[in-house]
Each structure stands twice: as C-alpha cells, then as structure tokens.
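Chains as they are written, first to last, in the working numbering: chain X, 1 to 110; chain U, 1 to 113. No residue lacks a Cβ here, since even glycine has one placed at the ideal position from N, Cα and C. These figures come from a predicted structure and were not determined experimentally. Input: a single structure, listed below in structure tokens.
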Amino acid sequence: GQQLNQSPQSMFIQEGEDVSMNCTSSSIFNTWLWYKQDPGEGPVLLIALYKAGELTSNGRLTAQFGITRKDSFLNISASIPSDVGIYFCAGQTNAGKSTFGDGTTLTVKP
Amino acid sequence: EPEVTQTPSHQVTQMGQEVILRCVPISNHLYFYWYRQILGQKVEFLVSFYNNEISEKSEIFDDQFSVERPDGSNFTLKIRSTKLEDSAMYFCASSEQGTYSQYFGPGTRLTVT
C-alpha cells in the first residue's frame, strides 16, 4: 500500500523559532493535506494543497505541494506555545482515501 | 462553523459484542469516511462512502465491519463482533467532493475488554 515518510519524528524548539517538517512518498497523490492533532481530539485541517507546485499560507503556516506530487512540506514561523501538538501530513487519491504520515510531535519551550 | 459530530465519545464493550458508532457529517458534504487511530499511532483509513455505497476500503475493513447511512444525516460504523485489537479512536470525516479537504469529527474512543 501507499506509505508516507514524515520527518522529523519530533522537534523541541524555543518559542519564536521557525519550524519545518516534510513528507515524502513513493506514490503520487492528487491532494496533500496538513493536520494538527491535540491529545484526545480529532485531526484539525490546517492547509490543503491541490496542485503540484502550489504554495499556500494560513497565518504563520506555509505549505507546498511538491512538483513531483510525491512530497510536501509545512513551515511554521515564529512558533508560540499553542503550536504544541502532533502534525500529520496526508496524501489523498481521487477516491478521497487519505494516507497519513506517522506524525511530527512538536514541543515549544516558552 | 459547521462541524462533524460523533457519538458516543467513549464506548466500552466486551469482546464479541456488536457496537455501532455514529456520526453526523457536515450537512452539504457528499463523501464520508471512517478512520481509526490506535493509541500513539497514526491515523489509518478504513472506508470511504459515496452515493450510498462503499467507494474504497482498506484491508482492515473486513467482514466484521459495515457502514450505513440510515437517513439523510447520520453515518454509522458497525463492528459485528468486537476483538481486543479493535480498541482505538474511530474518526468520522466528510468532504464536499472526493478530492476536497476532509473534516474530521472529535472521535469515539472504543475500548474492548
């Protein structure tokens, strides 16, 4: 089946620092999605990317859909304590099935 | 803002019992999904549903699982005879179109004892 490699697995940063995480796949996806999950809750959609090469921002978050359609990255600028959580990438096929990465656990030290 | 809702938030059941997990997708959405997440692991796709039939299912979604849209608003996941390894968070999601963003509900924590 399709597999996504998400890195890094975890990050410990100081408040105010920028963060970058990425996902790569051996398969092509039509859509890339980035989610944030807090403990005990469902994933919350942060950014959706629909076209290869697309660069999209949502506040302090920026994500790009790789030109090969096999990768995506998410950047968070000027991190704040409430950015703490697990970030998941997900690649989506035409049928809508989303394949999730293993997640990046972000810890922000004040 | 419209959101996906799920009930119950936590279900405890004995091995071998049937459970039904309920979801109310966002009202103008046409595509519905179930995912599960075992504690500490990633989210895994179970099934997608469109136009009253299953569009795609994973190898996890075996004969013990079924989905139904019994009326215009609910979407259910039934596990016929639960096993210990079915213990997980189960998330419902919905989207306007198949390739559009999927919005997740808060999940149902299923504990099989």
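### Task
Figure out for me which residue from X/Phe12, X/Ala90 and X/Glu41 has the closest Cα to the Cα of X/Phe73.
X/Ala90
### Query
Taking Cβ positions, are X/Ser77 and X/Asp18 nearer each other than 7 Å?
yes
### Task
Give the DSSP-derived three-state secondary structure of X/Leu61 in the structure shown.
strand
### Message
Distance cutoff 7 Å, beta carbons only. Does X/Pro43 sit that close to anything in chain U?
### Response
yes
### Query
Using the beta-carbon of each residue, which ones in chain U are nearer than 9 Å to X/Thr62?
Under the 9 Å cutoff, chain U gives no residues; its nearest Cβ is about 17 Å from X/Thr62.
### Query
Do the region 16-28 of chain U and the region 92-109 of chain U meet, that is, are 3 or more Cβ pairs less than 8 Å apart?
yes
### Task
Can you say whether X/Phe12 is buried or exposed, counting buried as having 16 or more other CB atoms within 10 angstroms of its CB?
exposed
#### Entry: 3-residue-minimum beta strand (DSSP E) runs that sit fully inside the region 10-82 of chain U, ordered along the chain
10-13, 19-24, 31-37, 44-50, 53-57, 65-68 and 75-79
### Message
Rounding to the nearest angstrom, what Cα-Cα distance links X/Arg69 and U/Gly40 in this structure?
### Response
28 Å
### Task
Keeping to the same chain, check which residues put their C-beta closer than 6 Å to that of X/Glu54; ignore five residues upstream and five downstream.
Phe65
### Query
Can you tell me whether DSSP reads X/Ser82 as helix, strand or coil?
helix
### Query
Could you give the distance in angstroms between the alpha-carbon of X/Asp38 and the alpha-carbon of U/Lys78?
26 Å
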